[in-house]
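What follows is a single structure, written as structure tokens, with notes after it.
2 protein chains.
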Amino acid sequence: MAAAGRKGETWTPPPPGRHVYDYPRPAVTVDCVVLGLDADDLKVLLIQRGLEPYQHTWALPGGFVLPDEDLDTAARRELREETNIEDVYLEQLYTFGAPRRDPRGRVITVAYYALAKLSDYRVTAATDAESVGWYPLDKLPALAFDHADIILRAVERLRGKVRYVPIGFELLPPRFSLTQLQRLYEIVLERQLDKRNFRKKILSLGLVVETEELEQGVRHRAARLFRFDKKKYERLLKQGFEFAI
Amino acid sequence: MAAAGRKGETWTPPPPGRHVYDYPRPAVTVDCVVLGLDADDLKVLLIQRGLEPYQHTWALPGGFVLPDEDLDTAARRELREETNIEDVYLEQLYTFGAPRRDPRGRVITVAYYALAKLSDYRVTAATDAESVGWYPLDKLPALAFDHADIILRAVERLRGKVRYVPIGFELLPPRFSLTQLQRLYEIVLERQLDKRNFRKKILSLGLVVETEELEQGVRHRAARLFRFDKKKYERLLKQGFEFAI
DNA sequence: GTCATATGGTGTATCTTGTACACGAAGTAA
DNA sequence: TTACTTCGTGTACAAGATACACCATATGAC
Chain A
5 MAAAGRKGET WTPPPPGRHV YDYPRPAVTV DCVVLGLDAD DLKVLLIQRG
55 LEPYQHTWAL PGGFVLPDED LDTAARRELR EETNIEDVYL EQLYTFGAPR
105 RDPRGRVITV AYYALAKLSD YRVTAATDAE SVGWYPLDKL PALAFDHADI
155 ILRAVERLRG KVRYVPIGFE LLPPRFSLTQ LQRLYEIVLE RQLDKRNFRK
205 KILSLGLVVE TEELEQGVRH RAARLFRFDK KKYERLLKQG FEFAI
Chain B
5 MAAAGRKGET WTPPPPGRHV YDYPRPAVTV DCVVLGLDAD DLKVLLIQRG
55 LEPYQHTWAL PGGFVLPDED LDTAARRELR EETNIEDVYL EQLYTFGAPR
105 RDPRGRVITV AYYALAKLSD YRVTAATDAE SVGWYPLDKL PALAFDHADI
155 ILRAVERLRG KVRYVPIGFE LLPPRFSLTQ LQRLYEIVLE RQLDKRNFRK
205 KILSLGLVVE TEELEQGVRH RAARLFRFDK KKYERLLKQG FEFAI
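From first to last, the protein sequence lines are chains A and B. 5 is the number of the first residue of the first sequence in the working numbering; add one for each residue after it. 5 is the number of the first residue of the second sequence in the working numbering; add one for each residue after it.
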């Protein structure tokens, strides 16, 4: 959460009152918007704040950037510490620095967004000391700070990017059916797609390849599973190929 | 310039050594990549640093964010103070925060990019106390800090965005010929476009409208001038219209 | 094992958009 | 008048987008 109290971890805080500067400096935090795909919608991972300000209010996972730590590293560390999420697609989103966005004083936050395979992280209600939970985007609780704005911007970014960069796959398990993939695009882009045309288009790109596996545990005909051929994509990228849905 | 010494201006600095915090805090700056379009290429506006570190080295205009100042405001202020540029298209680009990007200590910079009508700002060689100059992107001088990376990212952003958002017009005067517009796209996208197809496409969008004016002072047949209909664009945007070249 | 139910998986015809391509018109300058 | 330079235009073809419906295959209940 932005500008929350530092949590313990292995790092030992220096004695207070020791950092003196000629000019005032803002505090700098990172916050992460983790988006995950559920059966029928996009969800965002929130944590419930344990400390003032906004105690008990839901907020984005995040916290202070350490003195010798890269911004990306800070974002990944906070994500790990507060939600146990690791190895996700993570990208810097935007930096929010309105002078009064934090009641304690000037806090500038570098926001990140992450795409997670929601099935990997079944933290569905509460897990830790603070609670952690996935919330559908259209039923967000009241949020601390300007975190609602940050989430909005993350969703905009995802919507804009998903058509031109194959990041949608980050929201799916490694093996997925074409129906799942289509549903992903329908949810993110908020419009219906034609099944046959979608398949034609996707397969024509040659980046989604058939596997031997079939969907398991469904009570109807099982769908074939496909995978995204990342290596091929990277090869094509270098040749100026453009992904587009 | 990132994390340069503060310049005088009207603001009076507080007495040194007065700002004390419990935890170390980074300094936060803004830096601006101003891009302008010349006859044959994109140029970036640089200033020559008057102070250590990197004294006399070329750098991006920028400086510290004031305690009660929004980030965008800080970027515009620095641009005005250091280069006299005002009223340009300005957008946050990316935040650079590698721990040792500034030799003086931890400095995080929020980078912005701006698009300017180069003809409005003929600061071609030196203007101020420090020099200011436009440099073509393929002939940049040695740059201070990580400013070369920042410029690279700004150009990438422009290239990615110019096809889907009508920001190219920000680089042209209010009235322009279709040949000028085509040249803009050719320079930014780094590929040749077909004249007839380009015109057909542009005019079919209905956002570039003919004026009564003709090009002046050319030694051949004068081209008709057009203008970008921003109001119409904004109206269409609300209806889900998508600009694309 | 048959039937009901649910989703999987496939092809074609039409329309729209992108691409390739060349020359006369209009103005200036000598 | 002529030479030069850029302006401004249309058509034929290829590629890609869209609209649209039905049989196949698996499960589960009876």
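Virtual Cβ for every residue (Gly too), placed ideally from N, Cα, C. A quick note: this is a predicted structure, and the numbers were derived from the prediction, not measured.
- B:Val-38 and B:Glu-86 have their C-alpha atoms some 12 Å from each other.
- Secondary structure note for A:Phe-202: its alpha helix (DSSP H) is the uninterrupted segment 199-209.
- Just measuring C-alpha positions, the residue of A:Phe-100, A:Ala-227, A:Val-212, A:Arg-80 sitting nearest A:Leu-94 is A:Arg-80.
- Judged by DSSP in its simplified three-state form, A:Leu-147 adopts strand.
- A residue is called buried once 16 or more other Cβ atoms fall within 10 Å of its Cβ, and B:Arg-104, having fewer, is exposed.
- Counted as a single uninterrupted DSSP element, the beta strand (DSSP E) harbouring B:Lys-47 occupies residues 46-52.
- In the DSSP assignment, B:Arg-81 falls within the alpha helix (DSSP H) that extends over 75-87.
- Within the same chain, Cβ atoms closer than 7 Å to the Cβ of B:Glu-82 are found at Val-34, Cys-36, Pro-65, Gly-66, Gly-67, the five residues on either side in sequence being excluded.
- Note on the region 207-249 of chain B: whole beta strand (DSSP E) runs with a minimum of 3 residues are 212-218, 228-232, in chain order.
- Shown here, B:Asp-35 sits in a strand according to DSSP, grouped into three states.
- Taking the Cα positions, B:Gln-184 is about 29 Å away from B:Gln-243.
- The three-state secondary structure of A:Glu-174, taken from DSSP, is helix.
- Take the alpha-carbon of B:Val-213 and the one of B:Leu-175: they are about 17 Å apart.
- Residue-level contact by beta carbon fails for A:Ala-120 and chain B, as no gap is shorter than 7 Å.
- For B:Ala-118, the three-state secondary structure derived from DSSP is strand.
- Residues of chain A whose Cβ lies closer than 8 Å to the Cβ of B:Arg-29 are, in chain order, His-23, Tyr-25, Arg-29, Pro-30, Ala-31, Val-32.
- Setting aside the 5 residues that flank it on each side, A:Ile-155 is surrounded in the same chain by Val-37, Val-48, each with a C-beta closer than 6 Å to its C-beta; the list follows chain order.
- Against chain B, a Cβ distance below 9 Å from A:Glu-217 picks out nothing, because the smallest value is about 36 Å.
- The DSSP-derived three-state label of A:Thr-183 is helix.
- Taking a C-beta cut-off of 8 Å against chain A, the contacting residues of the region 62-80 of chain B are Phe-68, Val-69, Pro-71, Asp-72, Glu-73, Asp-74, Leu-75, listed in chain order.
- Taking a 10 Å sphere around the C-beta of A:Gln-52, we find 16 or more other C-beta atoms and assign the residue as buried.
- Among the residues facing chain A, B:Ile-112 is included, as its CB has a counterpart in that chain under 7 Å away.
- For B:Val-166, the secondary structure class from DSSP, reduced to helix, strand or coil, is coil.
- Counting along the chain, the unbroken beta strand (DSSP E) around B:His-23 starts and ends at 23-25.
- Look at A:Ala-102: its C-beta is under 7 Å from a C-beta on chain B.
- Under the three-state reduction of DSSP, B:Glu-95 is assigned to strand.
- Of the candidates A:Asp-233, A:Ala-63, A:Asp-72, A:Arg-203, the residue whose Cα lies closest to the Cα of A:Asp-153 is A:Ala-63.
- Residues of chain B whose Cβ lies closer than 8 Å to the Cβ of A:Tyr-98 are, in chain order, Gln-96.
- When the Cα atoms are used, B:Ser-123 and B:Pro-177 turn out to be separated by approximately 8 Å.
- In the DSSP assignment, A:Tyr-139 falls within the beta strand (DSSP E) that extends over 136-140.
- Annotated three-state conformation of A:Ala-63 is strand, per DSSP.
- Beta bridge pairing from DSSP links B:Leu-55 with no other residue.
- Burial of A:Arg-29 is indicated by the presence of at least 16 other C-beta atoms within 10 angstroms of its C-beta.
- Residue pairing by DSSP places B:Gly-40 opposite B:Lys-47, B:Ala-120 in a beta bridge.
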